[in-house]
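Numbering (the working numbering), first residue to last: 2 to 563.
Contents: one structure, followed by commentary.
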Amino acid sequence: MPSSDHKSSIARFAVPALSILFWALLALNIVSSGIQSMCYDGRFTPDSIFYADAAQNIASGRGITNSMRTLHERGIALPRPLTMWGPLYPLAIAAVMLSGLSAPAAALLLAAVFGGILLVGCYVLCRQLYDADVAMVGVAFLLYFQPFLLVSKHAWSETMGLSLAVLGFVVLVQARRTDRRSVALGLIFGGGMLLGLSSITRYALIPLLPVAATLLLPRRENNTSAMGGLFTWVGIRALATKGLLLGAGAGIFVVPVVARSIYYTGQMGTVGGRVFDIDLVETLLRFLHAIRESLRLPGGLGSVALLVLLCGVLVHAKSYWKSGGRAWCHTIFLDRSRYLLWICGGGYILFLLYTQTRVRVDAIGARLLFPGTLFLFLYLVATLAHLSRWPAVLRMSIAIVLLSAIAYVQTPMALMVLHAKTTAPHDYRAHGARIESVQKLAEISSDKDLILAEDAINLTLYLGPRDVIFFRPAFVAREQLSFEKVSEILRAEGTCTDYEKIWLVLQKKEGSRVQLEERFGPFMAALLAHDTQSYPGVELRDVTQDAVIFELSCAGISMPSS
Numbered sequence: 002m003p004s005s006d007h008k009s010s011i012a013r014f015a016v017p018a019l020s021i022l023f024w025a026l027l028a029l030n031i032v033s034s035g036i037q038s039m040c041y042d043g044r045f046t047p048d049s050i051f052y053a054d055a056a057q058n059i060a061s062g063r064g065i066t067n068s069m070r071t072l073h074e075r076g077i078a079l080p081r082p083l084t085m086w087g088p089l090y091p092l093a094i095a096a097v098m099l100s101g102l103s104a105p106a107a108a109l110l111l112a113a114v115f116g117g118i119l120l121v122g123c124y125v126l127c128r129q130l131y132d133a134d135v136a137m138v139g140v141a142f143l144l145y146f147q148p149f150l151l152v153s154k155h156a157w158s159e160t161m162g163l164s165l166a167v168l169g170f171v172v173l174v175q176a177r178r179t180d181r182r183s184v185a186l187g188l189i190f191g192g193g194m195l196l197g198l199s200s201i202t203r204y205a206l207i208p209l210l211p212v213a214a215t216l217l218l219p220r221r222e223n224n225t226s227a228m229g230g231l232f233t234w235v236g237i238r239a240l241a242t243k244g245l246l247l248g249a250g251a252g253i254f255v256v257p258v259v260a261r262s263i264y265y266t267g268q269m270g271t272v273g274g275r276v277f278d279i280d281l282v283e284t285l286l287r288f289l290h291a292i293r294e295s296l297r298l299p300g301g302l303g304s305v306a307l308l309v310l311l312c313g314v315l316v317h318a319k320s321y322w323k324s325g326g327r328a329w330c331h332t333i334f335l336d337r338s339r340y341l342l343w344i345c346g347g348g349y350i351l352f353l354l355y356t357q358t359r360v361r362v363d364a365i366g367a368r369l370l371f372p373g374t375l376f377l378f379l380y381l382v383a384t385l386a387h388l389s390r391w392p393a394v395l396r397m398s399i400a401i402v403l404l405s406a407i408a409y410v411q412t413p414m415a416l417m418v419l420h421a422k423t424t425a426p427h428d429y430r431a432h433g434a435r436i437e438s439v440q441k442l443a444e445i446s447s448d449k450d451l452i453l454a455e456d457a458i459n460l461t462l463y464l465g466p467r468d469v470i471f472f473r474p475a476f477v478a479r480e481q482l483s484f485e486k487v488s489e490i491l492r493a494e495g496t497c498t499d500y501e502k503i504w505l506v507l508q509k510k511e512g513s514r515v516q517l518e519e520r521f522g523p524f525m526a527a528l529l530a531h532d533t534q535s536y537p538g539v540e541l542r543d544v545t546q547d548a549v550i551f552e553l554s555c556a557g558i559s560m561p562s563s
């Protein structure tokens, strides 16, 4: 059998070599995934479009605003202040736009870059709470984690917000372990700033601030006197000082944003105070389904690797049993501030469940659960890797195998999409050039005009900054357009004085006038038939392959209130 000296010499060589290979493979996977997102599979949702729209407004000097609203939102002047979403992500998009990238491209680039930063931050945090080889296993498994793959491919604020939060935790854990008081206080203030930036990137991450405050408590190393010292005057004063520094660091960014929101909306949030009657059982069932889908690993390799870790835990189960439940629980839940991961994950999910039963937000799914499931998944994998007691070289090898398998698939795909002559999904100007109605609006309208358009949520990305009122009559009954609704919009204060021209764009539809009238009302049916005689102030300007374009006259269309 090999001697212990021989084993240690192999380990001394293998550990640095495997570390270098790990970082090379991780960098390769991050770059390959980013290339695919930018060139091929990056995705947008309505939230993404509002982020990009706000960034365009910032870059064009219109302030932190959005240029769009729905038809049923009354009395809202455009552009309107951005209060529904945190401002930092649009501000970052606008900053990247200075390099010449479009807003959609910059949004996807930031999501991919901060996805990489999030992986590195999770590695550093796991290394602080466990060991370097355990951290490698945790990060390797994250690349198989479906919610992470989802958010890193979308132009959303999650990766940016969570990467800042994780970096804030890294700084606070370091402050907790630093013996020099002045350094620790400076790190606490810096950690608070990072968590404040995280909160103004994505408001849903604000609950992580109270969790971060638990890192200010004294350390309980191998004695029980640390917590006892908390209840002395010196302990209370030290804790208060740390708490004030953490709050001040976060408040630098959070307070102005909250004050701005209150100034424009009269409330701290944007959801409002209305309570909805939501079925708790249905909410819990949706939650359990989303958790199951989030934690499911794709393919067989991730499951096999997880089984290997679990086997290591089972092999040593007897020794854990003999060590006593108290010591075992302390190792799993509390040692080296490991509680941070499961408190973050569990606390966020409880907060989400509470809000789901109180106010109407998005349905529970992989995206909404991601801030919670990220920490819980990382905690689960890291705990299994730690308890398995496999040698460091073996754990590092597991991480290398997982990263290599992904790189084997990702790298050829990234090279393929780089050489493919396809239009990137974020190139809205190129896509818009194929839509005849967009081309016509680009010719006849300007940024001084107002556009009322059907299914036009992408319009500002096609044309640049424009004030747009959009509606979806085929899906939302209350958004069926009527002559009275158009008159109401034009009679609203500032509409006719602030805009040079006002346009109405309707998508072409199949069916007779009678059929269209049954579905969309007499006004839209008449206009789709090019009949404007009964509606003064509505002038047919152009008919394209996909739409009918009208110009609205304030003088002609105004009518007295009935």
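Backbone N, C-alpha and C fix where the C-beta goes; we use that ideal spot for every residue, glycine too.
1. Figure out for me which residue from L369, L553 and I445 has the closest Cα to the Cα of L615.
2. Which residues bound the beta strand (DSSP E) around T71?
3. Apply the 10 Å Cβ neighbour rule to G64 and answer buried if 16 or more other Cβ atoms are within range, or exposed otherwise.
4. Quick one: what's P82 bridged to in DSSP?
5. In the DSSP assignment, find the unbroken beta strand (DSSP E) run with W504 in it and report its ends.
6. Roughly how many whole angstroms lie between the Cα atoms of A251 and A548?
7. Which runs of the alpha helix (DSSP H) at least 4 residues long sit entirely within the segment 89-149? Give them in chain order.
8. Secondary structure at F170, three-state DSSP: helix, strand or coil?
9. Cα-Cα, which of S262, L246, I365 and F23 is closest to A136?
10. L403 and F149 look like a contact to me (Cβ under 8 Å); what is the Cβ gap, rounded to whole Å?
11. On the three-state DSSP scale, how would you describe R178?
12. Closest to I445 by CA distance: which of D543, E519, L507 and A454 is it?
13. Three-state secondary structure (DSSP) at R261?
14. Check this for me: beta carbons of L385 and C123, under 8 Å apart or not?
15. Could you tell me whether the Cβ atoms of E540 and L507 are closer together than 8 Å?
16. In the structure shown, what three-state DSSP assignment does L482 receive?
17. I'd like the span of the beta strand (DSSP E) that includes A548, first residue to last.
18. Taking contact to mean 3 or more Cβ pairs, one atom from each stretch, closer than 8 Å, check whether the segment 427-442 and the segment 162-179 are in contact.
19. If you draw a straight line from the alpha carbon of A95 to that of V167, how long is it in whole angstroms?
20. By Cβ distance below 6 Å, which residues in the same chain neighbour F146 in space, the five residues on each side in sequence not counted?
21. Assign G274 to buried or exposed, taking buried as 16 or more other Cβ atoms, counted over all protein chains shown, within 10 Å of its Cβ.
22. Hey, out of G348, Q37, A28 and A141, whose CA is closest to P413's CA?
23. Checking 8 Å against the spacing of the C-beta atoms, do H317 and R390 come in under that value?
24. Taking C-alpha atoms, which residue in L102, A443, N459 and S398 lies nearest to L19?
25. For T581, which residues in the same chain have their Cβ closer than 7 Å to its Cβ, ignoring the five residues on either side in sequence?
26. What's the C-alpha gap between F51 and Q57?
27. Please tell me whether L188 and Q175 are closer than 8 Å, where the distance is taken between their beta carbons.
28. Can we say the segment 412-427 touches the segment 100-111, given the rule of at least three CB pairs closer than 8 Å?
29. So, with DSSP's three-state summary, where would you put I458?
30. Under the rule that 16 or more other beta-carbon atoms within 10 Å means buried, what is R182, buried or exposed?
31. Starting from D468, trace the beta strand (DSSP E) in both directions and tell me its first and last residue.
32. So, at 7 Å on beta carbons, what are the nonlocal neighbours of F371 in its own chain, with the 5 sequence-adjacent residues on each side left out?
33. CB A133 to CB L111, shorter than 8 Å?
34. Measuring CA to CA, which of F14, Q534 and A25 is closest to A400?
35. Would you mind reading off the limits of the beta strand (DSSP E) that contains E540?
Taking the coordinates as given:
1. Any answer about residue 615 is impossible in this case: the structure gives the chain only from 2 up to 563.
2. M69 to T71
3. Label assigned to G64: exposed.
4. T66
5. I503 to Q508
6. A251 and A548 have their C-alpha atoms roughly 49 Å apart.
7. 89-98, 104-130 and 133-143
8. helix
9. Between A136 and the set S262, L246, I365 and F23, the nearest pair of CA atoms involves F23.
10. Between F149 and L403 the Cβ distance is about 14 Å, and since that is not below 8 Å, they are no contact.
11. Helix, per DSSP.
12. D543
13. helix
14. no
15. no
16. If DSSP states are grouped into helix, strand and coil, L482 belongs with coil.
17. A548 to L553
18. no
19. 24 Å
20. Within the same chain, F378 come within 6 Å of F146 by CB-CB distance, once the 5 residues on both sides are set aside.
21. Because G274 sits at a pLDDT of 42, beneath the cut-off of 50, its placement in the model cannot be relied upon, and the following sentence gives the value as read from the coordinates. Exposed, since its Cβ has fewer than 16 Cβ neighbours within 10 Å.
22. Q37
23. Cβ atoms of H317 and R390: closer than 8 Å.
24. S398
25. A question about residue 581 goes unanswered here, because the residues of the chain that appear run from 2 up to 563.
26. 10 Å
27. Yes, these two residues count as a Cβ contact at 8 Å.
28. Touching, yes, given that three or more Cβ pairs across the two stretches are closer than 8 Å.
29. coil
30. Classification for R182: exposed.
31. D468 to F472
32. P148, V152 and E159
33. No, the Cβ-Cβ distance between A133 and L111 is not below 8 Å.
34. Among F14, Q534 and A25, the Cα nearest to that of A400 is on A25.
35. V539 to V544
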